[in-house]
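Only one structure is covered here, and it is reproduced in the block below.
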Amino acid sequence: MFRSMFHAFALIFALATPVFAQDAAMTPERLVDIILALDPDAAINANGIELTIEDIPVLVVMAPGADRMRAMVPITSVDDVTPEEMNHMMQANFDTALDARYAVAQGRVWGVFIHPLGALERAEFLSGLAQTVNLARTYGTLYSGGAQVFGGGDSNGIYDELFGDLLNRGQDI
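Residue numbers for the sequence shown, in mature numbering (1 follows the signal peptide of the UniProt record, and there is no 0): -21 to -1, 1 to 152.
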């Protein structure tokens, strides 16, 4: 009986749920257009696309053959990281960094957002970019991507302001 009620509920829910329009598939060209709308001075080079968000340098690299993209923000030399700071970063990766993450590569600490390229939507990219920038901004203090802070705090306002600003740039793309 419960099984048939569950199936009936699932069918009603599926029929009542509106179908939302989705962004067109993300391509390298479309991602470049979005980035140039954010920063018209962005530089395209062999390593990727370098742009600046809120005075923070960001590198976006794509591997279309692997259907991946990565937005990266350099934060500090790994040699300058204390064990306590490393612990804070790992804790943040669990609960406050959200879609962005702290990472270590090439002797540096980075804020990174990694996502399959084709499935990436514009708002999702902008949110990931804002979270990555916020990881750099809050390194040494809140260690937060800012999109959600469990238990409250001031970071939500900082994130909301940056995400809103990024959403308003290049609205037609």
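Just so you know, even glycine gets a beta-carbon here, dropped at the ideal spot from N, CA and C. Values in this document were obtained by computation on a predicted structure and should not be read as measured data.
CA nearest to the CA of residue i, picked from the options
i, options, result
"G86", "V40, T31 and V60", "V60"
"M48", "E100, T31 and V57", "E100"
"P7", "V57, A50 and G97", "G97"
"A42", "I35, P36 and A50", "A50"
"L141", "I35, A4 and D58", "I35"
"H67", "Y81, I54, D58 and V91", "Y81"
"F104", "M69, V57 and R148", "R148"
"A4", "L30, Q70, D46 and P19", "D46"
"E33", "D58, L17, L121 and P62", "L17"
"T31", "L121, V112, Y122 and D139", "V112"
"M69", "D2, L121 and D139", "L121"
Residues near residue i by beta carbon distance below 6 Å, same chain, minus five either side
i, result
"G27", "L38, V39 and V40"
"residue 153", "Nothing about residue 153 can be read from this structure; the chain reaches only from -21 to 152."
Coil, strand or helix - residue i by DSSP
i, result
"V60", "coil"
"G119", "coil"
"T6", "coil"
"E100", "coil"
"P36", "strand"
"L77", "coil"
"N24", "strand"
"G125", "coil"
"G90", "strand"
"T55", "strand"
Beta-carbon separation (whole angstroms), residue i vs residue j, contact threshold 8 Å
i, j, result
"A79", "L146", "Their Cβ separation, rounded to whole angstroms, is 17 Å, which puts A79 and L146 out of contact at 8 Å."
"E64", "G119", "7 Å"
"A21", "L15", "6 Å"
Beta-carbon contacts of residue i that lie in its chain and below 8 Å, excluding the five residues immediately before and after
i, result
"G107", "A50, D78, A79, F92 and H94"
"I54", "Y81, R87, V88, W89, G90, L114, A115 and Y118"
"V57", "V83, G86, R87 and V88"
"N72", "R80 and Y81"
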